[in-house]
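Asks: Keeping their order, the protein sequence lines are chains A and B.
Position 80 of the first sequence, counting from 1, maps to 80 under this note's numbering, and the rest follow consecutively.
Position 22 of the second sequence, counting from 1, maps to 22 under this note's numbering, and the rest follow consecutively.
Following this message is one structure expressed as structure tokens.
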Amino acid sequence: MPSSDATGTPVQVRLVAPALPASLEEVHALLEELVQRSPGITARERMRFETALVEVASNVIQHAQPRPPDEHVTVTVVLRCDDAALTADLVDDALPAQVDPAAAEMPAPDAESGRGLALARSLCDELRLVREGDGNRWTVVCRRG
Amino acid sequence: MIDLEIDRRDDGVTVVRPAGRLTMVAAPQLTAVITDLVAEGRATFVVDLSQTVFVDSTGLGALIGCLKRARQAGGDLRLAAPTDQVTTILELTNLHRVLRTHDTVDEAGAEL
């Protein structure tokens, strides 16, 4: 059974950042921190989770609209590793998201965009989007073992 | 910003080697570089992914866009040395038949 950190305790890391393209590097760094603190994560688990996470973060960066009078969207990213799963929660303070991740379909091969959520869904076990208070909460779960 | 090495080979193949992550910030840079190279008159490309540690759907979109530009110019574009992450996402997005991959730059070049 894969362990979390050396003692089997769940590991959790958190980032608060503006929903701007430059923040994607911080999301990768946060994931790296989670991996460094959770030696049981396999390369394949990391690959699936990191790709799904980045697709969702990119969707927030590209599409989340600030609630007036805010000029920017802020997103809080929490990553968690325990024996059961790798989980990401991305909570923004934006207007209601205009997308249904459950309905995302892979476009035709010559399409130059529109693959992100369908790809994320194919990589993880759960991909949820709910409206929560004055923001949106995305949850990505990659089950382990 | 992504580091993009360009090798204009004598056999007409241009090798482009991104280093780092090919995601929403870097994808437009790759497209711009290939567009400029096509304007130079170069139309056959190998994108060497040996230094590309991560590609997301935006990166894939840019590669598709670059493939289209190469084909419109009468050429082609192949990928070389993809990591497991890239190979996996190419298969999951059904792009593995459109963006053809090879183990090495030389093998990719031989097909062009």
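Cβ atoms here follow ideal geometry from the backbone N, Cα and C, with glycine treated the same way.
Quantities reported herein were computed from a predicted structural model and do not represent experimental measurements.
Which of helix, strand or coil does DSSP assign to proline 18 of chain A?
Replies: In the first sequence, counting from the first residue as 1, residue 18 of chain A sits at position 18. DSSP places proline 18 of chain A in strand when its eight states are reduced to three.
Asks: Report buried or exposed for threonine 35 of chain B, applying the criterion of at least 16 other Cβ atoms within 10 angstroms of its Cβ.
Replies: The sequence position of residue 35 of chain B within the second sequence is 35, counting from 1. With fewer than 16 Cβ atoms within 10 Å of its Cβ, threonine 35 of chain B is classed as exposed.
Asks: May I ask you to report which of helix, strand or coil DSSP gives leucine 77 of chain B?
Replies: Counted from its first residue, the second sequence places residue 77 of chain B at position 77. Leucine 77 of chain B falls in the strand class under three-state DSSP.
Asks: If you draw a straight line from the C-alpha of glutamate 33 of chain A to the C-alpha of valine 13 of chain A, how long is it?
Replies: The count along the first sequence starts at 1 and reaches residue 33 of chain A at position 33. The count along the first sequence starts at 1 and reaches residue 13 of chain A at position 13. Roughly 8 Å between the two C-alpha positions.
Asks: The beta strand (DSSP E) that contains threonine 31 of chain B, what's its start and end?
Replies: Position 31 of the second sequence, counted from the first residue, corresponds to residue 31 of chain B. Threonine 31 of chain B -> not in any beta strand (DSSP E); alpha helix (DSSP H) instead, spanning 27 to 40.
Asks: Is any beta-carbon of chain B found at less than 8 Å from that of arginine 143 of chain A?
Replies: For the purposes of this step, residue 143 of chain A is taken as residue 143 along the first sequence, with counting starting at 1. No - not a single Cβ of chain B is within 8 Å of the one on arginine 143 of chain A.
Asks: Here's the rule I'm using: 16 or more other beta-carbon atoms within 10 Å means buried, otherwise exposed. How should histidine 102 of chain B be labelled?
Replies: Here residue 102 of chain B refers to the residue found at position 102 of the second sequence. Classification of histidine 102 of chain B: buried, given that the 10 Å Cβ count is 16 or more.
Asks: Does the separation of the CB atoms of aspartate 3 of chain B and valine 54 of chain A fall below 8 Å?
Replies: Taking the second sequence and counting its residues from 1, the one referred to as residue 3 of chain B is at position 3. Taking the first sequence and counting its residues from 1, the one referred to as residue 54 of chain A is at position 54. Contact: no.
Asks: Using three-state DSSP, classify cysteine 66 of chain B as helix, strand or coil.
Replies: To locate residue 66 of chain B, count along the second sequence from 1; it is residue 66. Residue state, collapsed to three classes: helix.
Asks: Sorted by chain position, which residues of the same chain lie with C-beta nearer than 6 Å to valine 105 of chain B's C-beta, five sequence neighbours on each side aside?
Replies: Here residue 105 of chain B refers to the residue found at position 105 when the second sequence is read from its first residue. Correct list, in chain order: Val15, Val46, Asp48, Ala80.
Asks: Does DSSP classify histidine 102 of chain B as helix, strand or coil?
Replies: Mapped onto the second sequence, residue 102 of chain B falls at position 102. Histidine 102 of chain B falls in the strand class under three-state DSSP.
Asks: Within 10 Å of its beta-carbon, does methionine 1 of chain A have 16 or more other beta-carbons around it, so buried, or fewer, so exposed?
Replies: The residue given as residue 1 of chain A occupies position 1 in the first sequence. Note that methionine 1 of chain A has pLDDT 47, beneath the 50 cutoff, so the model's placement of it is unreliable and the number below is only indicative. Methionine 1 of chain A comes out exposed.
Asks: Along chain A, in chain order, which residues have C-beta atoms closer than 7 Å to that of glutamine 85 of chain B?
Replies: Counting from one through the second sequence, the residue named residue 85 of chain B turns up at place 85. Within 7 Å Cβ-Cβ: Met47, Thr51.
Asks: Count the other CB atoms, across all protein chains shown, that sit within 10 Å of the CB of histidine 94 of chain B; report buried if there are 16 or more and exposed otherwise.
Replies: Mapped onto the second sequence, residue 94 of chain B falls at position 94. One detail in the question is off: residue 94 of chain B reads as asparagine in this sequence, not histidine. Answer is exposed; the Cβ neighbour count stays below 16.
Asks: Can you check whether the C-beta of histidine 155 of chain A is within less than 8 Å of a C-beta belonging to chain B?
Replies: Past the boundaries of the shown model lies residue 155 of chain A; chain A is included only from 1 to 145, so the question cannot be answered.
Asks: DSSP three-state label for serine 3 of chain A, please.
Replies: As a first step, residue 3 of chain A must be located in the first sequence, where it is residue number 3. The predicted position of serine 3 of chain A is uncertain, since its pLDDT is 46 and thus under 50; no value can be drawn from it.
Asks: Between proline 82 of chain B and the rest of its own chain, which residues show a CB-CB distance below 6 Å, the 5 nearest in sequence each way excluded?
Replies: Within the second sequence, numbered from 1, the residue matching residue 82 of chain B stands at position 82. Here the set comprises Leu49, Thr101.
Asks: Using Cβ-Cβ distances below 8 Å, what residues of the region 4 to 23 of chain B are close to chain A?
Replies: Answer set for the region 4 to 23 of chain B: Arg21, Thr23.
Asks: Contact check, glutamate 5 of chain B vs arginine 17 of chain B under 8 Å by CB: the rounded distance?
Replies: As a first step, residue 5 of chain B is located in the second sequence; it is residue number 5 there, counting from the start. As a first step, residue 17 of chain B is located in the second sequence; it is residue number 17 there, counting from the start. Contact flag correct, Cβ pair sits at about 4 Å.
Asks: Using the rule of at least 16 other Cβ atoms within 10 Å of the residue's Cβ for burial, across every protein chain shown, is valine 16 of chain A buried or exposed?
Replies: Taking the first residue of the first sequence as 1, we reach residue 16 of chain A at position 16. Classification for valine 16 of chain A: exposed.
Asks: Indicate whether leucine 129 of chain A and alanine 97 of chain A have their beta-carbon atoms separated by less than 8 Å.
Replies: Taking the first residue of the first sequence as position 1, residue 129 of chain A is located at position 129. Taking the first residue of the first sequence as position 1, residue 97 of chain A is located at position 97. Yes.
Asks: In whole angstroms, what separates the C-alpha of valine 77 of chain A from that of leucine 90 of chain A?
Replies: By one-based count along the first sequence, residue 77 of chain A stands at place 77. By one-based count along the first sequence, residue 90 of chain A stands at place 90. In a straight line, the C-alpha of valine 77 of chain A is about 5 Å away from that of leucine 90 of chain A.
Asks: Comparing the C-beta of threonine 93 of chain B with each C-beta of chain A, is any distance below 8 Å?
Replies: Translated into positions along the second sequence, residue 93 of chain B becomes position 93. Closer than 8 Å to some Cβ of chain A, the Cβ of threonine 93 of chain B qualifies, so yes.
Asks: Please state whether DSSP places glycine 20 of chain B in a helix, a strand or coil.
Replies: Along the second sequence, one-based indexing puts residue 20 of chain B at 20. Strand at glycine 20 of chain B.
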